[in-house]
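Colleague:
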Amino acid sequence: MYNRLRHRTASADEEGGVLIGFNAIDIDNHNTHNTFHEYNHNNLAAASPPRIKSPYHRPNRHRTGSVNSVNSLKSHRIPYRSSRGYSFFVGFLVVVAILLVSGIGYSVFSIFHVALRGRPAWLYGQPLLMQHVAACLVEDDHDPPLPPRVLWEWHNYTTTTTKEQQRHEGGGQTRLLIAQYSGFGEYAQFLNWISPVHQEYARKHGYDYVILQGTLLDFPGIQQDCFSNLRATFNKIPILEMSYTVRHKYDYVLVLDTDAMIVTTNHHENDNHHNRWSELLPSNQLLAAQRVMRYDSSNAWDINAGVTLWNLHHPDFYSLVQRWKSMSQFGSMEPDPPKDKLRVHLENILTKNDDQYFLQTALLDAYSWWNRPVVAVIDEFNYYRGTLVKHFKRDKRSWSTTGLEQRLERVKEAIREVCISQRKGIAYCLSQQSKSEIDYSIREPPPVTAWV
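Residue 197 is where the sequence shown starts when you use the numbering used here, and the numbers rise one by one after that.
(1) Where does the unbroken alpha helix (DSSP H) through Asp551 begin, and where does it stop?
(2) Is the beta carbon of Thr441 closer than 8 Å to that of Asn425?
(3) Is the segment 398-405 close to the segment 416-430, with three or more CB pairs under 8 Å?
(4) Under the three-state reduction of DSSP, which class applies to Asp404: helix, strand or coil?
(5) Report the rounded CA-to-CA distance for Gln361 versus Asn500, giving the unit in angstroms.
(6) Between which two residues does the beta strand (DSSP E) containing Tyr491 stretch?
(7) Specify, as a first and last residue, the run of the beta strand (DSSP E) that His509 falls within.
(8) Answer yes if the segment 540-552 comes into contact with the segment 451-460, meaning at least three C-beta pairs across the two stretches below 8 Å, and no otherwise.
(9) Report buried or exposed for Ile300, applying the criterion of at least 16 other Cβ atoms within 10 angstroms of its Cβ.
(10) What residue range does the alpha helix (DSSP H) around Glu605 cover?
(11) Would Ser298 count as contacting chain B if we go by Cβ distances under 8 Å?
(12) Just verifying my parser: in three-state terms, what is the DSSP assignment at His444?
(13) Could you check which residue in Tyr397, Gly381, Glu382, Gln369 has the C-alpha nearest to that of Ala375?
(14) Indicate whether Ile294 and His394 have their beta-carbon atoms separated by less than 8 Å.
(15) Can you tell me where the alpha helix (DSSP H) with Glu475 in it begins and where it stops?
(16) Taking only three categories from DSSP, how would you classify Tyr383?
(17) Since Thr370 and Trp473 are thought to touch, with beta carbons under 8 Å apart, how far apart are those beta carbons, to the nearest angstrom?
(18) Beta-carbon within less than 7 Å of Thr557's beta-carbon, same chain only, minus the 5 sequence neighbours each way: which residues are those?
(19) What first and last residue would you give for the beta strand (DSSP E) that runs through Val585?
(20) When the Cα of Arg443 is compared with those of His510, Pro416, Gly417, Val488, which residue comes out closest?
(21) How big is the Cα-Cα spacing for Ile634 and Arg612?
(22) Secondary structure at Arg280, three-state DSSP: helix, strand or coil?
(23) Quick check: what's the CA-CA separation for Tyr563 versus Lys631?
(24) Using only the alpha-carbon positions, how far apart do Phe380 and Val297 sit?
(25) Between Tyr514 and Leu477, is the Cβ-Cβ spacing less than 8 Å?
(26) Mind checking whether Leu560 and Trp506 have CB atoms under 8 Å apart?
(27) On the three-state DSSP scale, how would you describe Pro577?
(28) Look at the alpha carbon of Asn431 and the alpha carbon of Leu483, and state the distance between them as a whole number of angstroms.
(29) Note the first and the last residue of the continuous alpha helix (DSSP H) segment covering Asn544.
(30) By Cβ distance below 8 Å, which residues in the same chain neighbour Ile433 in space, the five residues on each side in sequence not counted?
(31) When DSSP labels each residue in this structure, what does Ser637 get in the three-state scheme?
(32) How close, in whole Å, do the beta carbons of Leu373 and Ser439 come, if the pair is a contact with beta carbons under 8 Å?
(33) Give the single residue among Pro344, Phe415, Ile390 whose Cα lies nearest to the Cα of Pro531.
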């Protein structure tokens, strides 16, 4: 009986079944005792024991399953790590590619950006033909220059004369000099309409306004009277030099092209706006100007020289102006460059007539991008959308009076808008709109005048 029970138990085990109590049966003298059920000797002898699946895995099978599970996890762990590492590597390559493409794109853009600074003729045209250029150049540039034939026109409304007086009186008024220039001829018609606006603005706020008409900056190697009106744009430099000599009277100088006009006249009547110009240009900054590209940096070198606000008390003011002057006159900081290089430079002066290029070059040479003391604005100084000063610029390729009448109409429209913004009726503004008593377009240069 005992042997038969063992045989059946073993058979059940081979078939995957488990005999209840096989491991818990105590067989003694052919009597069985099951911890879960009790069976008598006759039942065991009469029939095979019931085969019931055990709810518990056997230790060896559980151990085998655990080992298989661990092996399965190990077998999948290496592919998982490889997939994650592959994804990271691909992402890293994508980031590197984006940075590389961005860097190359920025480099190409920067090269193109700097190249445009030189005003290529295919985009900007030429003010003079080469035969005229040859006629303007002189070989013997050692003759003393003739006295400049210019006119200065001052309108003084300043209430305080020195910074010490201003501090003593406790005033917070910004001392501003507004300076505008023009050559002689038809282009000076802008002053017929713009100068009365600036005179009224200066009178209202206690500023000074000065007009320089003619061409003051001398270029060794170029005849002074040869198309001199085209070079009047370089008057910005002697205006700044003059302003430096009277810096005890002023904090700032606003230098305007002939076709630029202040369009906000009442901001000083509002609270906390009596120092509007100092708010625009803090004391630690040298220059404020319109940036050419809207999304350029806030201290960009690529600025428009047609409207510039200068801090006369900045420590770098004089050195930057002299750098700008030397670059304009000689093409470099050398006062006596080689003749062949000087001739090429003078030809560029006559064919491109670009003072802005040399200001940008001076800023690039004198400063790095992180310490450039420039406030490059986009809204205050702008073309037809300026909120403080509007610049009624010419077309890029227009070096004559083409489009002059249309631009003058825009000036008149802006003057009406300024008048209406002061809550005055349109009829009143139209009646008060008048030209200057002086017709600047028919003025003739004096025979000889000395620059003071």
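We put the beta carbon where it would ideally sit given N, CA and C, even for glycine.
Modeller: If we stick to the structure as given:
(1) Residue 551 sits at position 355 when you count from the first residue of the sequence shown. Start and end: 551-562.
(2) The count along the sequence shown starts at 1 and reaches residue 425 at position 229. The count along the sequence shown starts at 1 and reaches residue 441 at position 245. Taking 8 Å as the Cβ cut-off, Asn425 and Thr441 do not qualify as a contacting pair.
(3) no
(4) To locate residue 404, count along the sequence shown from 1; it is residue 208. Three-state DSSP puts Asp404 in a strand.
(5) Along the sequence shown, read from residue 1 onward, the residue named residue 361 stands at position 165. Along the sequence shown, read from residue 1 onward, the residue named residue 500 stands at position 304. Note on Gln361: pLDDT 48, under 50, position unreliable in the model; no value is reported.
(6) By one-based count along the sequence shown, residue 491 stands at place 295. Premise fails: Tyr491 is in no beta strand (DSSP E) and is neither H nor E.
(7) Locating residue 509 in the sequence shown gives position 313, counting from the first residue. It is not in any beta strand (DSSP E) - His509 carries neither H nor E in the DSSP assignment.
(8) no
(9) What you label residue 300 is simply residue 104 of the sequence shown in a count that begins at 1. Label assigned to Ile300: exposed.
(10) Here residue 605 refers to the residue found at position 409 of the sequence shown. 600-617 is the span of the alpha helix (DSSP H), which, as asked, contains Glu605.
(11) This model lacks chain B altogether; it includes just one protein chain.
(12) In the sequence shown, counting from the first residue as 1, residue 444 sits at position 248. In the structure shown, His444 sits in coil (DSSP, three-state: anything other than H, G, I, E or B).
(13) Counting from one through the sequence shown, the residue named residue 375 turns up at place 179. The shortest Cα separation from Ala375 among Tyr397, Gly381, Glu382, Gln369 belongs to Tyr397.
(14) The count along the sequence shown starts at 1 and reaches residue 294 at position 98. The count along the sequence shown starts at 1 and reaches residue 394 at position 198. Judged by their CB atoms, Ile294 and His394 are not nearer to each other than the 8 Å cut-off.
(15) As a position in the sequence shown, residue 475 is number 279, starting the count at 1. 472-476 is the extent of the alpha helix (DSSP H) around Glu475.
(16) Against the sequence shown, residue 383 aligns to sequence position 187. DSSP places Tyr383 in the helix class (H, G or I) of the three-state scheme.
(17) Indexing the sequence shown from 1 puts residue 370 at position 174. Indexing the sequence shown from 1 puts residue 473 at position 277. Confirmed, about 5 Å.
(18) Position 361 of the sequence shown, counted from the first residue, corresponds to residue 557. Contacts found: Met523.
(19) Here residue 585 refers to the residue found at position 389 of the sequence shown. Here the beta strand (DSSP E) through Val585 covers 585-587.
(20) Numbered from its first residue, the sequence shown carries residue 443 at position 247. Looking at the Cα atoms, His510 is the closest of the given residues.
(21) By one-based count along the sequence shown, residue 634 stands at place 438. By one-based count along the sequence shown, residue 612 stands at place 416. Going by the C-alpha atoms only, they are around 21 Å apart.
(22) Residue 280 sits at position 84 when you count from the first residue of the sequence shown. Note: Arg280 maps to helix in three-state DSSP.
(23) The count along the sequence shown starts at 1 and reaches residue 563 at position 367. The count along the sequence shown starts at 1 and reaches residue 631 at position 435. Near 43 Å, if we compare the C-alpha coordinates of Lys631 and Tyr563.
(24) Locating residue 380 in the sequence shown gives position 184, counting from the first residue. Locating residue 297 in the sequence shown gives position 101, counting from the first residue. So the alpha carbons of these two residues sit roughly 51 Å apart.
(25) Translated into positions along the sequence shown, residue 514 becomes position 318. Translated into positions along the sequence shown, residue 477 becomes position 281. Cβ distance not < 8 Å, so Tyr514 and Leu477 don't count as in contact.
(26) Position 364 of the sequence shown holds residue 560. Position 310 of the sequence shown holds residue 506. Contact check for Leu560 against Trp506 fails: the beta carbons are separated by 8 Å or more.
(27) Numbered from 1 along the sequence shown, position 381 holds the residue referred to as residue 577. Checking the displayed sequence, the identity of residue 577 turns out to be Phe instead of Pro. Looking at Phe577 - three-state DSSP - the assignment turns out to be strand.
(28) Indexing the sequence shown from 1 puts residue 431 at position 235. Indexing the sequence shown from 1 puts residue 483 at position 287. Computed Cα separation, rounded: 17 Å.
(29) For the purposes of this step, residue 544 is taken as the residue at position 348 of the sequence shown. Asn544 -> alpha helix (DSSP H) spans 535-548.
(30) Counting from one through the sequence shown, the residue named residue 433 turns up at place 237. Answer for Ile433: Leu413, Val517, Trp520, Lys521, Ser524, Asp551, listed in chain order.
(31) The residue given as residue 637 occupies position 441 in the sequence shown. Reduced to three states, the DSSP call for Ser637 is helix.
(32) Here residue 373 refers to the residue found at position 177 when the sequence shown is read from its first residue. Here residue 439 refers to the residue found at position 243 when the sequence shown is read from its first residue. For a cut-off of 8 Å, the C-beta gap from Leu373 to Ser439 is around 6 Å, short enough to register as a contact.
(33) Taking the first residue of the sequence shown as 1, we reach residue 531 at position 335. Out of Pro344, Phe415, Ile390, Phe415 has the C-alpha closest to the C-alpha of Pro531.
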